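Enquirer:
Residue numbers (our numbering), protein chains in the order written: chain S, 3 to 260; chain U, 3 to 260.
1) Give the secondary structure of residue 235/S by DSSP, where H, G and I count as helix, E and B as strand, and everything else as coil.
2) For a contact defined as C-beta to C-beta under 7 Å, what are the partners of residue 182/U on chain S?
3) Three-state secondary structure (DSSP) at residue 100/U?
4) With DSSP run on the structure shown, which of helix, strand or coil describes residue 89/U?
5) Report the neighbours of residue 70/S on chain U: residues whose CB is nearer than 9 Å to its CB, in chain order.
6) For the beta strand (DSSP E) containing residue 81/U, list its first residue and its last residue.
7) Tell me, please, whether the CB atom of residue 238/U is closer than 8 Å to any CB atom in chain S?
8) Less than 8 Å between C-beta atoms, sequence neighbours within five positions excluded: which residues of the same chain meet that for residue 166/U?
9) With DSSP run on the structure shown, which of helix, strand or coil describes residue 33/U?
10) Which of the residues in the segment 144-157 of chain S, read from start to end, lie with their CB under 7 Å from any CB of chain U?
11) Considering just the uninterrupted stretch of the beta strand (DSSP E) at residue 212/S, what are its terminal residues?
12) Answer yes or no: does any C-beta atom of chain S fall closer than 8 Å to that of residue 340/U?
13) Does DSSP classify residue 20/S as helix, strand or coil?
14) Determine whether the Cβ of residue 110/U lies closer than 8 Å to any Cβ atom of chain S.
15) Taking the alpha-carbon positions, what's the residue 151/U to residue 59/U distance?
16) Determine which residues of the segment 25-55 of chain U have a Cβ less than 8 Å from any Cβ of chain S, and write them out in chain order.
17) The segment 219-237 of chain S: which residues have C-beta closer than 8 Å to a C-beta of chain U, in chain order?
18) What is the rounded straight-line gap between the Cα of residue 115/S and the Cα of residue 145/S?
19) With DSSP collapsed to three states, give me the class of residue 38/U.
20) Identify every residue that forms a DSSP beta bridge with residue 192/S.
21) Could you check whether the Cβ of residue 253/S sits closer than 8 Å to any Cβ belonging to chain U?
22) Enumerated in chain order, which unbroken segments of the alpha helix (DSSP H) with a length of 4 residues or greater are wholly contained in the segment 117-200 of chain U?
23) Kindly list, in the order they appear in chain U, the residues whose Cβ is closer than 8 Å to that of residue 166/S.
24) Expressed to the nearest angstrom, what Euclidean distance is found between the alpha-carbon atoms of residue 157/S and residue 251/U?
25) Between the segment 174-190 of chain U and the segment 104-111 of chain U, do three or more beta carbon pairs fall short of 8 Å?
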């Protein structure tokens, strides 16, 4: 049987430690092709490059694994991989990460890591975004490989519901081993932003945005709870953003519609 | 009674024709404050500025309306408006647009216009993104003012379901008048991308991404159908991206979870 074809991307850029680990684990499961940003793209959400050009250059960072660095966003990387690099082949799986930092709860909306996975699901490909809930660049990743492999293997073997991509977050390395995997919903939380005003050497004002994550969710079936309790969280995500439940309220409340 | 406070943003930048029309209509409904990007931010999705600074400068483009241009993305504009410019006041409504170009179907994911509205809904504020399904910069906008006002008034008067923002698209100006408003779901469509390879004056390869929108949706309850049939489409959108229906399949299919 032919080995599965696995496309790897991320948002921290092709030189990050997280993507290196992801490539190494995926090599155990199939043939790997990497198309990843040529620099950091954190917080890029589902941005794409409109009205500007893209670069794509081969890269030998991963030895015998075919790899390209792209000047665009994570979503651009998946698009150029699907429609140019792998034009005549269809990946069996698209994985993104491992992100250095949490993508739980509403962070999924801002996440470049998850935008690569969601772009793949828009293209009809099974996809997973992996993130470690530890922002330090030298974070310990030793506890996640086993779970990355297990989850990717589950998706390769069992497939995914159409239109769905997985948002997987790992707890930071603790003394206790990870307790297992929880299938979750996205927690209800907000970012309480703080804008730090400063002045540049020319006296002009500028700002740094700094946010505090505030968890409002009292449930135990969400990704924040899972991470806090040392589980791997797996949230199935969809690109249909319709609030279907709100359609009937609008149709009732508004008097002036057809 | 105090006039409602309305925050206006967009993704085409503060100098675009669409935001000018939106400000003029909103002035009829309340007190307006503008915080909009200082340049085009199309296709920025839900990007935010991480690891870089932001600028915010007052602007007198709108006469007596308080306005600021911001160096960040549409989502940044809403964040700095909420947590800095309007720190001690809460907008009654946030509107974004009017975008020059369609944001129907999956384009909602890439849309800077809608990211401003969705960011506002994350902050607990009623929000609407407006887009005209005509990409030309000199597009005729004369047919939309009446509907912009009517929809904004509906939201001010009746409120919106918690966690929901509206994605409103207008058909291009046709000989026949708009037939009315349809509350819709997001159509199921894809972008079929084409990467045009060229070489720069130094012989280095670069790409232009060009997409064809392919509508796969046979329903008549979606935004693509509404626009094609000369209706204004209104899709309620949510920031909960959980595919709740997929949770039970994963819990059934995977054998190795807790």
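Glycine included, each C-beta is placed from N, C-alpha and C at the ideal position. Being a predicted model, the structure only gives us computed values, none of them experimental.
Expert: To lay it out plainly:
1) strand
2) 259 and 260
3) strand
4) coil
5) Ordered by position in chain U, no residue passes the 9 Å Cβ test against residue 70/S, which lies about 12 Å from the chain.
6) Note, residue 81/U: premise wrong, no beta strand (DSSP E); alpha helix (DSSP H) at 76-82.
7) yes
8) 123, 238, 239 and 240, listed in sequence order.
9) For residue 33/U, the secondary structure class from DSSP, reduced to helix, strand or coil, is strand.
10) 152 and 156
11) If you look at residue 212/S, you'll find it in the beta strand (DSSP E) that goes 207-217.
12) Since the first and last residues shown for chain U are 3 and 260, residue 340/U lies out of range.
13) Per DSSP, reduced to three states, the secondary structure at residue 20/S is helical.
14) yes
15) Cα to Cα, residue 151/U sits roughly 28 Å from residue 59/U.
16) Correct list: 42, 44, 45, 46, 47, 48, 49, 50, 51, 52, 53 and 55.
17) So the close ones are 233, 236 and 237.
18) Cα-Cα distance, rounded: 20 Å.
19) strand
20) 216/S
21) yes
22) 147-160
23) 245 and 248
24) Between residue 157/S and residue 251/U, the C-alpha separation is close to 12 Å.
25) Yes: the two stretches touch, three or more of their Cβ pairs being nearer than 8 Å.
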